[in-house]
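In the numbering used here, the protein residues as written are 104 to 478.
Glycine is no exception: its CB is placed at the ideal position from the N, C-alpha and C atoms.
Report on the following structure.
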Amino acid sequence: MEKVDITIIGAGVVGLAIAANVSDKSRNVFVVERNESFGQETSSRNSEVIHASIYYPRNSLKGKLCLEGNELMYELCKKYNIPHRNTGKLIVAVSEEEEVQLPELLNTAMNNGAKAVKIISKDEVKKLEPSVEARAAILCPTSGIVDSHSLMRHYEAMAIENGANVIYGIDVVSIDKSGDGYIIGYKDRRGDTGKFQTRILMNCAGLESGNISELAGINQDEAGYRIQLCKGIYFRVKHGIEKFPKMLIYPVPPIHGHVGIHTTPDLGGGMRLGPHFYWTEETDYNVDDSYRENFFNSARQFLPFLKIEDIQPDIAGFYPTRQKPGEGLIDFIIKNESDKGLDNFINLVGIESPGLTASPAIGRYVKEMVNEINN
Ligand SMILES: Cc1cc2nc3c(=O)[nH]c(=O)nc-3n(C[C@H](O)[C@H](O)[C@H](O)COP(=O)(O)OP(=O)(O)OC[C@H]3O[C@@H](n4cnc5c(N)ncnc54)[C@H](O)[C@@H]3O)c2cc1C
104 MEKVDITIIG AGVVGLAIAA NVSDKSRNVF VVERNESFGQ ETSSRNSEVI
154 HASIYYPRNS LKGKLCLEGN ELMYELCKKY NIPHRNTGKL IVAVSEEEEV
204 QLPELLNTAM NNGAKAVKII SKDEVKKLEP SVEARAAILC PTSGIVDSHS
254 LMRHYEAMAI ENGANVIYGI DVVSIDKSGD GYIIGYKDRR GDTGKFQTRI
304 LMNCAGLESG NISELAGINQ DEAGYRIQLC KGIYFRVKHG IEKFPKMLIY
354 PVPPIHGHVG IHTTPDLGGG MRLGPHFYWT EETDYNVDDS YRENFFNSAR
404 QFLPFLKIED IQPDIAGFYP TRQKPGEGLI DFIIKNESDK GLDNFINLVG
454 IESPGLTASP AIGRYVKEMV NEINN
């Protein structure tokens, strides 16, 4: 049976960022992915925003890795010419009620480590974004956007250059502890089955991360690892509207924990609205046109030039979240499960937003965990 040093389950942005960081010519690293190429799931179905860590407490993993990830992301994108733009972001207050919330929101952002954030007036908003209507706003200069596909292609290329094998069409179906490692059972694209052995195992399976934990012998309900299906849908604004804001425009958050329907300019000159989130039981990626009015009414408050016929259903994605309906913000799980008798099983569960932003920092964080195992 083939034996490898490190196996990473999942070639989304997180698995690939880790592969780029932990691979080197002295170790044998496998990335196994059930789809035919990288990033076919959540990593290509999101806002592509480089977050500034406004809402995540500094002492949480989300907050720490988002802040580090923000800086590392800009460095990485500049160094390797990964398409991105440091757009900055405005959180706009459209009513008196929202305006009085801004100082508290600013305080939260500053306590959480977001850099150079400040409140700006209606006139300053108009100077920055003439088509946006607001009474005042919070300006976050370190927010931006990144082309997630190019980012993943970069991570994959780095991993392969460092000697890693990224293998597609491999669905992990069993995990058995054996000696100082794990025997991984898989099914390939033809339906054939096989097994190989790994010393270190990493779960980067996104929406399946709770189920992969279960395969490794962890009761996902007892551990709080079950992934809940929270669907985020987007609408696209018709091309050719010259008044598109260049910055990210967010509302004052309507629901604790979710940032509300916002604008996201894309690097091709287009603009999306979303996501609108709701809980569901199925992973279908359809976007129902019946949400058009809801999107229109939300966005029109700060984009008065918008007409209802300007928007059409676009993509949907699912938050790989551990948070249950009605619960507050919940943190990432990134840990070696040795306390559960599973030495060298590095488990990443519930890597929801800001997982894309945090990906370079997650790669570095997990590399340190591997160094600890090897020392
Ligand atoms: C609507 C929405 C908006 C978001 N916006 C942002 C944003 O603006 N900024 C930001 O920073 N973050 C954002 N996020 C979060 C970000 O997209 C995720 O944190 C990130 O993509 C998670 O990456 P991942 O690699 O963990 O998961 P995934 O991309 O889901 O990758 C997991 C991979 O594991 C594979 N896999 C699963 N099971 C198996 C198996 N048994 N065998 C082999 N392979 C398997 C899957 O096929 C998949 O490719 C958003 C998320 C959503 C849903």
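Contact check between the stretch 133-150 and the stretch 216-228: fewer than three CB pairs, one atom from each, fall below 8 Å, which does not count as touching. A distance below 8 Å separates the beta carbons of D417 and V390.
If you draw a straight line from the Cα of P244 to the Cα of Y177, it is about 13 Å long.
Bounds of any alpha helix (DSSP H) do not take in V135; it lies within the beta strand (DSSP E) bounded by V132 to E136. If one requires a minimum length of 4 residues, the alpha helix (DSSP H) runs lying completely within the stretch 199-233 are 199-202, 205-214 and 225-231, in chain order.
Of S441, S198 and R425, the smallest CA-CA separation from E325 is found for R425. The criterion of a C-beta distance shorter than 8 Å is not satisfied by F408 and G335.
In this model, N478 and N400 are separated by some 57 Å (Cα to Cα). Per DSSP, reduced to three states, the secondary structure at L451 is strand.
Between C333 and V249, the CB-CB gap reaches or exceeds 8 Å. A direct Cα-to-Cα measurement between T386 and P423 gives close to 11 Å.
Non-local beta-carbon contacts of Y258 in its own chain, meaning distances under 6 Å to residues more than five positions away in sequence, involve L119, A120 and A123 in chain order. Distances from the CA of P233 to each of L193, I112 and K218 were compared; the closest alpha carbon is that of L193.
Each of G363, Y337, P354 and M374 was checked against the Cα of P348, and the nearest Cα belongs to M374. Counting along the chain, the unbroken beta strand (DSSP E) around A196 starts and ends at K192 to A196. The Cβ neighbour count for K427, taken over all protein chains shown within 10 Å, is under 16; the residue is labelled exposed. With a cutoff of 7 Å, I157 does not count as near ligand 1, since its C-beta is closer than that to no heavy atom of the ligand.
A contact is defined here as three or more CB-CB pairs under 8 Å, and the stretch 254-272 fails this definition with respect to the stretch 202-220. Distances from the CB of T460 to the heavy atoms of ligand 1 include at least one below 7 Å. Cβ neighbours of D127 within its own chain (closer than 8 Å, five residues either side excluded): N265 and G266. When the beta-carbon positions are compared, Y271 and E475 stay at least 8 Å from each other.
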